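S.K.: My questions all concern the structure below.
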Amino acid sequence: MGIDQNFKIRTSDLNLFYGQKQALRNISIDIRPHQVTALIGPSGCGKSTYLRSLNRMNDLIDGVSITGKVVIDEVDIYDRHVDVVELRKRVGMIFQKSNPFPKSIYDNVAYGPRINGVREKAKLDEIVETSLKRSAIWEEVKDDLKKSALALSGGQQQRLCIARALAVDPEVLLMDEPASALDPIATAKIEELIYELKENYTIVIVTHNMQQAARVSDYTAFFYLGQLIEYGETKKMFTTPEKKQTEEYITGRFG
Amino acid sequence: MKLQRKLIGTSVVSLTAIAAFSIIAMVVFVMWTIVAGAWGTISWEFLFSPPTEGMTEGGIFPAIVGTVLLVVIMSVAGVPVGTVTAVYLSEYASQRSLLARSIRFAVNTLAGVPAIVFGLFGLGFFVQFVGSGMDNLLTDGVELRWAQPNILWASMTMALLTLPVVIVSVEEAIKTVPQDLRAASLALGATKWQTIWKVVLPNSITGILTGGILAVSRGAGEVAPILFTGAAYFLPHLPTSVSDQFMELGYHVYIMSTQSTNVDATKGIQYATTLVLLLLTFMLNFSAIFLRSRIRALKAR
């Protein structure tokens, strides 16, 4: 396999087990750089599990075993020599429930750079400002950087979490239903942000919301019962899906 | 039938109520007896002067100092060890692993060991084994310094006794840190240790302190572990080093009531000493409750 500039993440024959229970079956997806790839499917279909296998967050769960390959930039991330800590710096993650640390806004964003050894005040200030600007929340918080992050609204907290992830300068952003707990206005802001972020980052997003997948993503993967049913361009998938199951799910006949 | 049911209902309610009220009555009675007995004796002078006239007069200053020193040294020794153990158990050890289960079993067993057994262990291990080892090493066994009961060995024994309480309460405190925060930190490329140090411990520090204080207040009331490991019947001076013996409040009450040359003459002193010991313990408990309510208030915000 030569170096393929067309794909950022290549997954081949990925199987994942929680103990005896198989959660992912022979998943093969190649994800393109600087595009938004949406993972859709009913609850328990494996889309979140697949997402978490891309930065090895599944490692934290007892009894998970994996076969197959996930290659990011030509490196198999499940190879024994791969440093998980380094991997997670390159592949950032945004969680379903916004989870800022109970610290100030500034300290939240500076957390990543600090654990990477950045100590200079000027450098930290710069990273914090850039990250908050990139996540489109700078104007709202620039005067209260010392305020507790928990005082922000839900939508602001989620954008702060995005800023916090951007501060470690990742290449890939994994988003696990980032807007599912937010009101429509906050959701619209996050979607707008995703659209802007794809210029610099490769984004994989899990969503329950079909309209959201249609609005923000360039590619869509449909999961069902741990299997990948269909994967392709979002436009095509939402107009002329190849598989009947996909069509039924998208049109709301099940799930 | 209906009458019978009603009768049973009423008697159950009254029985449980009587049981509950008798607890309050007992506490009030105990406190009242102690305060009334101590009333004529307790004073600032009593608190700040040493015993005199073969311990039938005077105060309990050396015992207060000894108790405080004991509590401080045992906390310094016990709380860090307990915290580290709790961190290992809750953050590192796989919950089903043999090692984690063995540690838990050991902790539970330790919690059930009678205090007097700790005292004997302290005498055998700290005083006779570690102590004589140190004397042999430091002075070739010429000088007897560490191989005798002292405040250090008593504190170590007490630290062991309180270890299970510290471990269990710190583990509880650590468990209250949301899993989300750990995930957030790890997903940012933090190592496990960085996550524990920067997220888990700072967010459970008040719980750890509360646990430490509760453990300490439990230890402060125990006499058995220090019987053979360092408590002195009477000392004319305060301890000047950790290899000195010390006086302690609980032990003081014990010897006053059983070993004194004139037990009747010391009754006031016994009550007053008990009162001081109780107040010290209450103060520790109240500060723990205060800290806990502070955490709740902070979390609710």
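In the order they appear, the protein sequences are chains A and B. Be aware that the first sequence starts at 3, since it is given in our numbering, and climbs by one per residue. Be aware that the second sequence starts at 343, since it is given in our numbering, and climbs by one per residue. Glycine included, every Cβ here is placed at the ideal spot set by N, Cα and C. The model shown is predicted, which means the values in this text are computed figures rather than measured ones.
Which two residues bound the contiguous beta strand (DSSP E) that contains A/L176?
M.R.: That run of the beta strand (DSSP E) goes 174-178.
S.K.: Starting from A/E235, follow its DSSP beta bridges and name the residues at the other end.
M.R.: According to DSSP, which records beta bridges pairwise, A/E235 is partnered with A/Y221.
S.K.: Identify which residue in A/K135, A/D78, A/V143, A/V120 has its Cα closest to the Cα of A/S106.
M.R.: A/S106 has its Cα closest to that of A/V143, out of A/K135, A/D78, A/V143, A/V120.
S.K.: Within the continuous alpha helix (DSSP H) that includes A/L199, where are the two ends?
M.R.: Here the alpha helix (DSSP H) through A/L199 covers 186-199.
S.K.: Between B/P578 and B/S585, what straight-line distance do the alpha-carbon atoms span, to the nearest angstrom?
M.R.: Their Cα atoms are separated by approximately 16 Å.
S.K.: Who are B/A453's beta bridge partners in DSSP?
M.R.: Looking at the DSSP assignment, B/A453 forms no beta bridge with any residue, so it has no partner.
S.K.: Taking contact to mean at least 3 C-beta pairs separated by less than 8 Å, is the region 536-554 of chain B in contact with the region 453-466 of chain B?
M.R.: Because the criterion of three Cβ pairs below 8 Å is not met, the region 536-554 of chain B and the region 453-466 of chain B do not touch.
S.K.: Given a threshold of 16 other Cβ atoms within 10 Å of its Cβ, counted over all protein chains shown, does A/G4 qualify as buried or as exposed?
M.R.: Only weak support is given to the placement of A/G4: the predicted model assigns it a pLDDT of 43, under 50, and the value that follows is read from those uncertain coordinates. A/G4 is exposed by the Cβ-count criterion.
S.K.: Is A/I79 near A/V87, with beta carbons less than 7 Å apart?
M.R.: It is not a contact, given that the beta carbons lie outside the stated cut-off.
S.K.: Check for me: the alpha helix (DSSP H) holding A/I95 runs from which residue to which?
M.R.: In the sequence on display, residue 95 of chain A carries Met and not Ile. Counting along the chain, A/M95 falls outside any alpha helix (DSSP H), though it belongs to the beta strand (DSSP E) covering 93-96.
S.K.: Can A/L89 and A/A138 be called in contact, C-beta distance under 7 Å?
M.R.: No, the pair does not count as a contact, with Cβ atoms beyond the cut-off.
S.K.: For B/L633, count neighbouring C-beta atoms within 10 Å of its own C-beta (all shown protein chains included) and say buried if the count is 16 or more, exposed if not.
M.R.: Under this definition B/L633 is a buried residue.
S.K.: Work out the CA separation of B/G572 and B/A489 for me, nearest whole Å.
M.R.: About 11 Å.
S.K.: Cβ closer than 9 Å: which chain B residues qualify as neighbours of A/R90?
M.R.: Ordered by position in chain B, the residues that pass the 9 Å Cβ test against A/R90 are L528, A529, L530, G531, A532.
S.K.: Quick one: does B/Q536 have its CB under 7 Å from some CB of chain A?
M.R.: By this cut-off, B/Q536 is an interface position.
S.K.: Does the region 495-508 of chain B come into contact with the region 553-565 of chain B, if we say contact requires no fewer than three beta-carbon pairs (one atom in each stretch) closer than 8 Å?
M.R.: The region 495-508 of chain B vs the region 553-565 of chain B: in contact.
S.K.: With DSSP as the reference, please indicate the residues paired to B/S417 in a beta bridge.
M.R.: According to DSSP, which records beta bridges pairwise, B/S417 is partnered with nothing at all.
S.K.: Determine, for A/G228, whether the minimum Cβ-Cβ distance to residues of chain B falls below 7 Å.
M.R.: Answer no: the Cβ-Cβ gap between A/G228 and chain B never drops below 7 Å.
S.K.: Apart from the five residues just before and just after B/T398, which ones in its own chain have a Cβ nearer than 6 Å to its Cβ?
M.R.: N604, A607, T608, listed in sequence order.
S.K.: Quick one: residues in its chain with C-beta nearer than 7 Å to the C-beta of B/I597, no 5 flanking neighbours on either side, listed in chain order?
M.R.: Y575, listed in sequence order.
S.K.: Consider the C-beta atom of B/H594 and the heavy atoms of the ligand COA; say whether any pair is separated by less than 6 Å.
M.R.: In the structure on display, the ligand COA does not appear, and there are no ligands present to speak of.
S.K.: Per DSSP, A/S259 forms a beta bridge with which residues?
M.R.: Nothing about residue 259 of chain A can be reported from this structure: the residues present for chain A run from 3 to 257 only.
S.K.: Roughly how many angstroms separate the alpha carbons of A/Y20 and A/R54, rounded to a whole number?
M.R.: About 13 Å.
S.K.: Within the 7 Å Cβ cut-off, does A/N202 reach chain B?
M.R.: No, A/N202 lies away from the interface with chain B (no Cβ there is under 7 Å from its Cβ).
S.K.: Hey, out of A/A153, A/Y203, A/G114, whose CA is closest to A/A169's CA?
M.R.: Comparing Cα-Cα distances from A/A169 to each of A/A153, A/Y203, A/G114, the minimum goes to A/G114.
S.K.: Going straight from the alpha carbon of A/A183 to that of B/S635, what length do you get?
M.R.: Distance between the alpha carbons of A/A183 and B/S635: 30 Å.
S.K.: Using CA coordinates, which residue listed in A/E128, A/R58, A/G94 is at the minimum distance from A/V84?
M.R.: Selected option, being the one with the closest Cα: A/R58.
S.K.: Out of curiosity, what's the CA-to-CA distance linking A/I117 and B/K534?
M.R.: C-alpha separation (whole angstroms): 11 Å.
S.K.: Would you tell me roughly how many angstroms separate the C-alpha atoms of B/V372 and B/Q612, rounded to the nearest one?
M.R.: Whole-angstrom Cα-Cα distance: 14 Å.
S.K.: Which of the three DSSP states is assigned to B/N663 in this structure?
M.R.: There is simply no residue 663 of chain B to check, as chain B begins at 343 and stops at 643 in what is shown.
S.K.: Report buried or exposed for B/V414, applying the criterion of at least 16 other Cβ atoms within 10 angstroms of its Cβ.
M.R.: It counts as exposed.
S.K.: Counting only Cβ pairs nearer than 7 Å, list the residues of chain A close to B/N545.
M.R.: Result: P104.
S.K.: Give the single residue among B/L591, B/S629, B/A639, B/S599 whose Cα lies nearest to the Cα of B/L411.
M.R.: Of the listed residues, the one whose Cα sits closest to B/L411 is B/L591.
S.K.: Quick check: what's the CA-CA separation for A/A223 versus A/Q160?
M.R.: Those two C-alpha atoms are separated by around 24 Å.
S.K.: Cutting at 6 Å between CB atoms, please list the residues of its own chain near A/L147, excluding the five before and the five after it.
M.R.: Result list for A/L147: I107, Y108, in chain order.
S.K.: If you follow the beta strand (DSSP E) that A/T39 is part of, which residue opens it and which one closes it?
M.R.: Per DSSP, A/T39 belongs to the beta strand (DSSP E) from 38-42.
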